[in-house]
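Its first residue numbered -15, the sequence shown is counted upward by one per residue in the numbering used here.
Cβ atoms here follow ideal geometry from the backbone N, Cα and C, with glycine treated the same way.
Treat the numbers as computed from the prediction; the structure is a model and nothing was measured.
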Amino acid sequence: MKQLIAKLLFSTMFFRSGQAHFKNKEMFLRIVPSYLPFKEAIVKYSGIAEFVLSAYILLGKNRNRVRKIVSGFLWLVFPANIYAARKKISYADSERKT
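Okay, here's the thing in structure tokens:
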């Protein structure tokens, strides 16, 4: 039961984050590091990836594979979080919109 609750919570987190990529695209564009091209595509496809991961967390049969894929995705988006922290980009405004 605890595992199911954890899956539901984690899946919901990814689903809501995917929604936020489209509801508050401007904030996500700001946190894409300036040295990366195609910012709009990065935001769009990372949002889609979060929707897919949300479903995969719930429906994926192989826990080890799910774990590796989710970990890989989180490592890929980690530089955006570091960039946002270093540039002091506020998430406060975005939290009110979603």
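Check                                                                                    : Outcome
Pair within 7 Å by beta-carbon distance, Ala64 and Val27                                 : no
Whether Leu43 touches Val54 by CB criterion (7 Å)                                        : no
Spatially closest choice to Met(-3) from Glu34, Leu13, Arg14 and Asn8, by CA coordinates : Glu34
Integer-rounded CB distance, given that Ile41 should sit under 8 Å from Phe(-6)          : 5 Å
DSSP three-state assignment for Met(-15), whether helix, strand or coil                  : coil
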